[in-house]
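First up is the structure itself, then whatever we jot down about it.
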């Protein structure tokens, strides 16, 4: 089926479990190009700018969700015309609503925090690495960090990271990887911004929530493997001139995804 809706359950202990349901293209409803707010609907599944809801029946499991989210920061990491874009309209998202899985139900005015984003392209890239980390700070505004590397035509490679910290965005285009391990799902790199701010990032997705998923190619001719951990660990060392090094840590509060070698 050319249209798919995904849901993944990440238990605190044990392996993740993914549920994928396919739908025919004829049932897809999309808002017009450039329309605001975003509209996406297929079956009982719908996504908007500040909400999403869905209902799936997969392999004997019943799933449903009805969520609203809000945030203070959004960013476009990549916008490369015909290649596609990667946007994060809710980088420091706070979620409310409810989620149901079989007999379980989780609900609350503050159900959780994380990220909500959109990606678009005429095809998947041959390799990419993407991470997003949410740093919850009890006595201050939350911080987020997002990094993206992917192949482009003519042997070029896109590299960019953005840190949202203390109400200010720091953009890093000079990103140098020191380790990229698709087998153990670990990624380390350092980067510098034009204002002199420097970061060292270590993302560890090797924990029990690491899993590998079959992505259908955009022409529906076969699949390829994607490694993901949506409960990864992240450590960011932030260096600013004249200030002590600041360390941001997210325990199970990061996402790390890798494709290709």
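Residue numbers (our numbering): 358 to 618.
A virtual CB, placed ideally from N, CA and C, is assigned to each residue, including glycine.
In this text the structure is predicted, and so the values were computed from the model without any measurement.
Quick check on this structure: which residue in the options has the alpha carbon closest to the alpha carbon of residue i?
i: residue 437; options: 508, 464, 471; result: 508
i: residue 527; options: 414, 392, 434; result: 434
i: residue 456; options: 409, 442, 514; result: 409
i: residue 427; options: 604, 368, 474, 450; result: 450
i: residue 477; options: 461, 441, 493, 490; result: 441
i: residue 502; options: 379, 377, 407, 605; result: 605
i: residue 393; options: 407, 416, 561, 516; result: 407
Which value, in whole angstroms, describes the spacing of the CA atoms of residue i and residue j?
i: residue 512; j: residue 371; result: 40 Å
i: residue 390; j: residue 599; result: 46 Å
i: residue 454; j: residue 514; result: 39 Å
i: residue 537; j: residue 545; result: 7 Å
i: residue 414; j: residue 579; result: 24 Å
i: residue 591; j: residue 608; result: 7 Å
i: residue 379; j: residue 521; result: 36 Å
i: residue 422; j: residue 452; result: 12 Å
For residue i, does the count of other Cβ atoms within 10 angstroms reach 16, so buried, or fall short, so exposed?
i: residue 471; result: buried
i: residue 499; result: buried
i: residue 446; result: buried
i: residue 586; result: buried
i: residue 611; result: buried
i: residue 619; result: Any property of residue 619 remains undetermined from this structure, which presents the chain solely from 358 to 618.
i: residue 541; result: exposed
i: residue 576; result: exposed
i: residue 553; result: exposed
To which residues of the same chain is residue i closer than 6 Å at the C-beta, ignoring the five residues directly before and after it?
i: residue 615; result: 486, 539, 584
i: residue 482; result: 507, 508
i: residue 403; result: 410
i: residue 596; result: 555, 602
i: residue 475; result: 444
Going along the chain, which residues of its own chain have a beta-carbon closer than 7 Å to the beta-carbon of residue i, five neighbours each way excluded?
i: residue 439; result: 479
i: residue 459; result: 418, 419
i: residue 463; result: 455, 456
i: residue 366; result: 373, 374, 458
Do residue i and residue j have their C-beta atoms within less than 8 Å of each other?
i: residue 559; j: residue 518; result: no
i: residue 405; j: residue 396; result: yes
i: residue 566; j: residue 588; result: yes
i: residue 375; j: residue 570; result: yes
i: residue 497; j: residue 529; result: no
i: residue 373; j: residue 568; result: yes
Please list, in chain order, all residues of the same chain as residue i whose beta carbon is under 8 Å from its beta carbon, the five residues on each side excluded.
i: residue 533; result: 546, 547, 548
i: residue 510; result: 440
Is residue i close to the ligand HEM? I mean its beta-carbon at under 7 Å from any heavy atom of the ligand.
i: residue 559; result: The ligand HEM is not part of this structure, which contains no ligands at all.
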